[in-house]
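When we follow the working numbering, the leftmost residue of the sequence shown carries the number 6, and every step to the right adds one. Every residue, glycine too, gets a C-beta built ideally from N, C-alpha and C.
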Amino acid sequence: MEKRITTKPTSAFTVTKERSVAGPSVVMDEQQPSTSSAAVNSDDKDKNLASFWVPSLTPQAKPTLLKKPDTKTYCPMSGKQLRIKDLIPVKLTAIDDGDDRPMVAKSERYKCAVTHDALGNSVPCAVLKNTGHVVTMDCIERLIKKDMLCPFTGAKLKESDIIPLQRGGTGFAGSGVQLEAKKAGPVLQA
């Protein structure tokens, strides 16, 4: 019986490169941390885990490189680059109703320089390039386009001297403003 005990390897509990102190059943690499240090480094693994409820953190989401924003300013109507020498000073004609309230408190603030119609979101307007006055498109169609003369200076106008203004949104879907929509699909897929 004693012979059996002495024939077993005695180096089972010593530290070597292939074996750890724990015994022959556990083989550990030198680069792999022990179980006690793995609990400390679990924060690193948490940062790399996928988050399925946030679309940008799903495993299918690919990292995108952000492009440097353009430093140039573009015209919202034509999409062409704006330059200082191309800008026109716009002259809005204020409504003089004798009211002492500030301009912000009034519901109607400005009027057409020719017909004195009130300007608002629902009224299409244009700027005359040579003078900078704001007039309604109705005034342009009825009065200015007949003779193509400026009502303020009497100078001859071209089609390019009439600049239509883009209206602001009114809150209604059919207000005439062209909008672009995107359709997004579901985030979670089965």
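What are the boundary residues of the beta strand (DSSP E) that residue i is part of?
i, result
"residue 131", "130-133"
"residue 141", "139-141"
"residue 169", "167-169"
Tell me which residues share the same chain as residue i and place their Cβ nearer than 7 Å to its Cβ, disregarding the 5 neighbours each side in the sequence.
i, result
"residue 168", "131, 132 and 134"
"residue 171", "81 and 82"
"residue 155", "133, 135, 136 and 162"
"residue 85", "79"
"residue 157", "136 and 138"
Taking just the CA atoms, how far does residue j sit from residue i?
i, j, result
"residue 99", "residue 138", "12 Å"
"residue 81", "residue 185", "14 Å"
"residue 126", "residue 67", "42 Å"
"residue 151", "residue 144", "11 Å"
"residue 161", "residue 123", "26 Å"
"residue 117", "residue 128", "10 Å"
"residue 109", "residue 165", "33 Å"
Once the 5 residues before and after residue i are set aside, which same chain residues still bring their CB inside 6 Å of it?
i, result
"residue 42", "Because the pLDDT of residue 42 is 47, which lies under 50, any placement of that residue in the model is unreliable, and the number read from its coordinates should be weighed accordingly. Excluding residues within five positions, none has a Cβ falling inside 6 Å."
"residue 45", "Legend: pLDDT at residue 45 = 49, less than 50; position of this residue unreliable, no value from coordinates given."
"residue 97", "115 and 139"
"residue 69", "none"
For residue i, I'd like the list of residues in its chain whose CB is within less than 8 Å of its CB, leaving aside the five on either flank, ordered along the chain.
i, result
"residue 153", "161, 162 and 163"
Threshold first: 3 residues or longer. Then list the beta strand (DSSP E) segments lying entirely within the stretch 55-91, N to C.
none
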